[in-house]
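What the sequence shown shows, in the UniProt record's numbering, is residues 1 to 848, in sequence order.
Virtual Cβ for every residue (Gly too), placed ideally from N, Cα, C.
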Amino acid sequence: MDFLDSGQKFSPTRDTDWDTTHQFLPAADNKHLEKKPGRRRTLWVGLGLVLSAAAVSLLTGLLVWHYHLRSDVRVKRVYIGSMGIRDQNFLPEYEDPSSPQFSSLAKLVSQQLKLIYSKNSVLTKYFQGSSVQAFSEGDSGSDSLVAYYESEFDIPVPQEASLDEAIQSLEPPAGSQQSQKGRLLLKPVDALSVNNVFSRAIDPRMSRKSLVVRKSFNVHVREGGVLRSPGFPDSSYPPSVYLQWRLRADPGHRVRLDFHTLILEDDCQQDFIKIYDSLAPIELRSLTEQCGYPHGSLSFLSSGNVMLLTLVTNEEKNFPGFRANYSQIPLTAQKCGGTLSGDKGSISSPFFPSNYPPKTSCVWNIEVPVEKFVKVQFSKFLLGNHSDQCPDDYVQVDNKRLCGRKLKNTVITSQSNTMSIKFNSDSSYVDQGFTAEYEAFVPNNPCPGRFQCTNNLCINQTLQCDGWNDCGDGSDEDNCVCDASQMKCKNGRCKPRFWECDGADDCGDRTDEENCEKCKPGEFSCRNGNCIPEESKCNGEDDCSDGSDESKCEKSLVLQQCSAFTFRCGNGRCISKLNPECDEEQDCGDGSDEDNCQCGTRPYRSSRIVGGQISREGEWPWQVSLHIKGKGHVCGASVLNHRWLLTAAHCVQDSGSDKYSQPDQWEAMLGLHVQSQTNEWTVRRNIKRIIAHEDYNPMTYNNDIALMELDEDVTLNQNIWPICLPSPTHDFPGGQVAWITGWGATREGGSVALVLQKAEVRIINGTVCKNLMSDEVSAGMLCAGVLKGGVDACQGDSGGPLSVTGPSGRVFLAGLVSWGDGCARRNKPGVYTRITRYRGWIKEQSGV
Ligand code: 4AZ
Numbered sequence: 001m002d003f004l005d006s007g008q009k010f011s012p013t014r015d016t017d018w019d020t021t022h023q024f025l026p027a028a029d030n031k032h033l034e035k036k037p038g039r040r041r042t043l044w045v046g047l048g049l050v051l052s053a054a055a056v057s058l059l060t061g062l063l064v065w066h067y068h069l070r071s072d073v074r075v076k077r078v079y080i081g082s083m084g085i086r087d088q089n090f091l092p093e094y095e096d097p098s099s100p101q102f103s104s105l106a107k108l109v110s111q112q113l114k115l116i117y118s119k120n121s122v123l124t125k126y127f128q129g130s131s132v133q134a135f136s137e138g139d140s141g142s143d144s145l146v147a148y149y150e151s152e153f154d155i156p157v158p159q160e161a162s163l164d165e166a167i168q169s170l171e172p173p174a175g176s177q178q179s180q181k182g183r184l185l186l187k188p189v190d191a192l193s194v195n196n197v198f199s200r201a202i203d204p205r206m207s208r209k210s211l212v213v214r215k216s217f218n219v220h221v222r223e224g225g226v227l228r229s230p231g232f233p234d235s236s237y238p239p240s241v242y243l244q245w246r247l248r249a250d251p252g253h254r255v256r257l258d259f260h261t262l263i264l265e266d267d268c269q270q271d272f273i274k275i276y277d278s279l280a281p282i283e284l285r286s287l288t289e290q291c292g293y294p295h296g297s298l299s300f301l302s303s304g305n306v307m308l309l310t311l312v313t314n315e316e317k318n319f320p321g322f323r324a325n326y327s328q329i330p331l332t333a334q335k336c337g338g339t340l341s342g343d344k345g346s347i348s349s350p351f352f353p354s355n356y357p358p359k360t361s362c363v364w365n366i367e368v369p370v371e372k373f374v375k376v377q378f379s380k381f382l383l384g385n386h387s388d389q390c391p392d393d394y395v396q397v398d399n400k401r402l403c404g405r406k407l408k409n410t411v412i413t414s415q416s417n418t419m420s421i422k423f424n425s426d427s428s429y430v431d432q433g434f435t436a437e438y439e440a441f442v443p444n445n446p447c448p449g450r451f452q453c454t455n456n457l458c459i460n461q462t463l464q465c466d467g468w469n470d471c472g473d474g475s476d477e478d479n480c481v482c483d484a485s486q487m488k489c490k491n492g493r494c495k496p497r498f499w500e501c502d503g504a505d506d507c508g509d510r511t512d513e514e515n516c517e518k519c520k521p522g523e524f525s526c527r528n529g530n531c532i533p534e535e536s537k538c539n540g541e542d543d544c545s546d547g548s549d550e551s552k553c554e555k556s557l558v559l560q561q562c563s564a565f566t567f568r569c570g571n572g573r574c575i576s577k578l579n580p581e582c583d584e585e586q587d588c589g590d591g592s593d594e595d596n597c598q599c600g601t602r603p604y605r606s607s608r609i610v611g612g613q614i615s616r617e618g619e620w621p622w623q624v625s626l627h628i629k630g631k632g633h634v635c636g637a638s639v640l641n642h643r644w645l646l647t648a649a650h651c652v653q654d655s656g657s658d659k660y661s662q663p664d665q666w667e668a669m670l671g672l673h674v675q676s677q678t679n680e681w682t683v684r685r686n687i688k689r690i691i692a693h694e695d696y697n698p699m700t701y702n703n704d705i706a707l708m709e710l711d712e713d714v715t716l717n718q719n720i721w722p723i724c725l726p727s728p729t730h731d732f733p734g735g736q737v738a739w740i741t742g743w744g745a746t747r748e749g750g751s752v753a754l755v756l757q758k759a760e761v762r763i764i765n766g767t768v769c770k771n772l773m774s775d776e777v778s779a780g781m782l783c784a785g786v787l788k789g790g791v792d793a794c795q796g797d798s799g800g801p802l803s804v805t806g807p808s809g810r811v812f813l814a815g816l817v818s819w820g821d822g823c824a825r826r827n828k829p830g831v832y833t834r835i836t837r838y839r840g841w842i843k844e845q846s847g848v
């Protein structure tokens, strides 16, 4: 069977069974995992409620009494820890908890813990027992073996804090690496030579009483392989589980874990994964916690040869879960730091753009010719801690320590011909790290032939006083004399005149958007240029004669007359509310504004691109890649429903011997993320019919729109979902944020992208756009871009969506990538087919 044609693999709403052949949980656990919808007779509901209220009050009273008035109430406290042992060597049998070797060493460790606790009056009094979970090779020079354990204490509530203190008193003082021989006062009869013990209370979410399944899996990562949450990708992960995957690499290697997909519930208090640089969930060794639909790097590395992945879920909600690849890499594989003597170069944190491993330190010593100084500019900087002193993970340039996540484009200069850059990560919580470029410069001329910004960045001189903040600190736009083509903002900056009144605050103090109204104070400016008294706005009467005074009202009114700016309900009546369709509020009397709204959302989330960034799988589920058979990706398209796609007419025009107008030449890839990498959610379909707009003009690109009918329906899934079509009167005002997506070229004349790219642009006012594009922009076109340049759609993005998120969070198709003057050029926005103009045509041709 063709793998791709299998269609939907994951059902968001199905109450699925587990795949019982799966390596994870035994089938017997299934009955615990089913979510049973409770059915109650109406008659009993009232009585039930009264009884429940009484029970809750009684319980609350009892709890208050227990916890506040009785000091002998005890609670169970579990500590997770590791013990470094000197006189035992690691045996392969220790990887198997059922081996006799494991059992006998575990017994010794438990005895040893009991002995250690016996030296402390608090610990010995409340200690219940210990169990050993795993062993690994030691990674610090002095431990030859590490044991991971859980110790349980039963303690009166008021004593909890003293228990924490007693547990921590067993650790060596902060900063000391020494063995604590003597501190633990171990007697010669001790069976084990213990170097250190570290423990912390277990994460309370991992000891929730509601967790019905707790299970661990031991995985050796030598050969590489894949981890999946149970059920992935066919069904959601099970509720109320606490699962652990203990990953081990060969000695002298580290574990690498790369998440390909990770989609959990948004609230980390409910469902989450946590990764540890350890074989036990010790908070001190936690590398990351993730939930929802994370956006940062999802590649993680351990410091030694072990790593632990945990998954905790609550009782409710279904989400797909994760799939991750594991592998091992030699510890010596990536050396960081060293001596650098070139005039320029670049450096980055180890394994960038993966998250750096914990417990890593690198020093780069840069030395340039004696008469020069060194400057370093950070192009990426993500070291996630925020304390001013940067005690945990940091970069230190000479004597200046940097940390946090806001230092992009920071420039630091040396005061001599040498510079030292140190990177340090501590033992927990990692981040993506940094990339930086360094360069030698002559001290009295730091930016030869270029402009020096106040923040020491050097930029092209032509960028000075051009209206754009190229320095990042605005210093290239200060103290400018405006020329005739520019306007002067109140804050002294100069901006091109055609940016006046374009809906965007270009000056930074909104002075370019002042005095834009032609009407007098107290009057409302209609879209057709008429002026009416302010009081006539939103009074239910069409005072402007184009309906625009009734189109942006808080309350929706049923109007006497329809206009080009008012929404027409299914019953033919028009309402005053702006963009009422699919906004989760019923505005039309017949509810038609909320019909056909299974669109524009991203399942499992609550809530050719130049200058773009990689998107996450499933982030743009309406994005389609149109392939010419045997040739590959050519254009983009959008999913309208299970049967129809929308693309650009210029994509389906014959060109010499290429018969692009023929349906059998094409195949549509839906749910695709990386070109040539298909997965469970990718669907390939042949095209049955292509309907290009009958008035498409290849000279002017007027009416650049085409429909494609699939030869077979697709089942929607989390990576294939329709985008909402805007009604003909939907307003996408200038300045509004929009997103472009596609696999097109990543620079003008460049090659296409492998991974789906996304970029944020803004809708550009029609008059401004006409001026910029020498009047070639017609009423069926819409402009969007970043006028500064550097961000745009490009060849190969054509036909793809220009997506705009409405106030309710639904995404609407504002445009189709159509044409432009090159790609990402300054003051040359992208031009898109304006979908509102073609809403009727789409309905007529496809019924959608
Ligand atoms: C193209 O060649 C193309 N900058 C698409 C979009 C743009 C330029 C060219 C917009 O398909």
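| Item | Value |
| --- | --- |
| Buried versus exposed, by CB contacts within 10 Å (16 or more), glycine 749 | exposed |
| Beta-carbon separation (whole angstroms), cysteine 651 vs glycine 799, contact threshold 8 Å | 5 Å |
| Alpha-carbon to alpha-carbon, aspartate 388 and serine 286 | 22 Å |
| DSSP state of glycine 342 mapped onto helix, strand, coil | coil |
| Helix, strand or coil at tryptophan 819 according to DSSP, with G and I counted as helix | strand |
| Contacting residues, own chain, Cβ-Cβ under 6 Å from valine 786 (five flanking each side not counted) | Val761 |
| Stretch-stretch touch, CB-based, cutoff 8 Å, three pairs: the region 371-387 with the region 430-439 | yes |
| Secondary structure, beta strand (DSSP E): runs of 3+ residues fully inside the region 202-258 | 213-220, 225-228, 241-248 |
| Helix, strand or coil at arginine 834 [DSSP, three-state] | strand |
| Glutamine 795: CB within 6 Å of a non-hydrogen atom of ligand 1 | yes |
| Cβ-based burial, threonine 310 [other Cβ within 10 Å; buried from 16] | buried |
| Distance between beta carbons of isoleucine 628 and glutamine 757, contact taken as under 8 Å | 20 Å between Cβ atoms; not a contact. |
| Span separating the alpha-carbon of tryptophan 620 from that of leucine 247 | 33 Å |
| Cβ-based neighbour list, serine 808, same chain, cut-off 6 Å, excluding 5 preceding and 5 following | Asp583, Glu584 |
| Alpha-carbon spacing of serine 485 relative to arginine 497, whole angstroms | 6 Å |
| Span separating the alpha-carbon of cysteine 544 from that of glutamine 560 | 13 Å |
| Where proline 26 falls: helix, strand or coil (DSSP) | Because proline 26 sits at a pLDDT of 29, beneath the cut-off of 50, its placement in the model cannot be relied upon, and the point is left open. |
| Where the beta strand (DSSP E) containing residue 849 begins and where it ends | The structure shown does not extend to residue 849, since the chain spans only 1 to 848, so no value can be given for it. |
| Valine 817: CB within 6 Å of a non-hydrogen atom of ligand 1 | yes |
| Integer Cβ distance of phenylalanine 378 from threonine 410, believed to fall under 8 Å | 5 Å |
| Unbroken beta strand (DSSP E) run spanning arginine 401, endpoints | 400-402 |
| Beta strand (DSSP E) segments (min. 3 residues) lying fully within the region 638-666 | 644-647 |
| DSSP beta-bridge partners of arginine 77 | Phe153 |
| Cβ neighbours of arginine 39 in the same chain (closer than 6 Å, five flanking residues each side left out) | Annotation note: pLDDT 44 at arginine 39 (below 50); position unreliable, no value reported. |
| Cβ-based burial, residue 849 [other Cβ within 10 Å; buried from 16] | With the chain covering only 1 through 848, there is no way to say anything about residue 849. |
| Length of the line joining the Cα atoms of alanine 166 and serine 121 | 9 Å |
| Cβ separation of proline 320 and phenylalanine 232, assumed to be a contact under 8 Å, to the nearest whole Å | 6 Å |
| Limits of the alpha helix (DSSP H) - the one that asparagine 460 falls within | Taken as a continuous stretch (DSSP letters only), asparagine 460 belongs to no alpha helix (DSSP H), as it is neither H nor E. |
| Any non-hydrogen atom of ligand 1 closer than 6 Å to residue 869 Cβ | An answer regarding residue 869 cannot be provided, because it is not within the stretch 1 to 848 covered by the chain. |
| Where arginine 40 sits in the DSSP three-state scheme | Because arginine 40 carries a pLDDT of 46, less than 50, the predicted location of this residue cannot be relied on, and the following value inherits that uncertainty. Coil at arginine 40, not helix or strand. |
| Distance cut-off 6 Å: aspartate 792 Cβ against heavy atoms of ligand 1 | yes |
| Residues near aspartate 87 in its chain [Cβ-Cβ closer than 6 Å; skip 5 each side] | Ser193 |
| Pairwise C-alpha distance: serine 136 and glycine 225 | 21 Å |
| First through last residue of the alpha helix (DSSP H) which encompasses glutamate 844 | 839-846 |
| Ligand 1 heavy atom lying under 6 Å from the CB of serine 774 | no |
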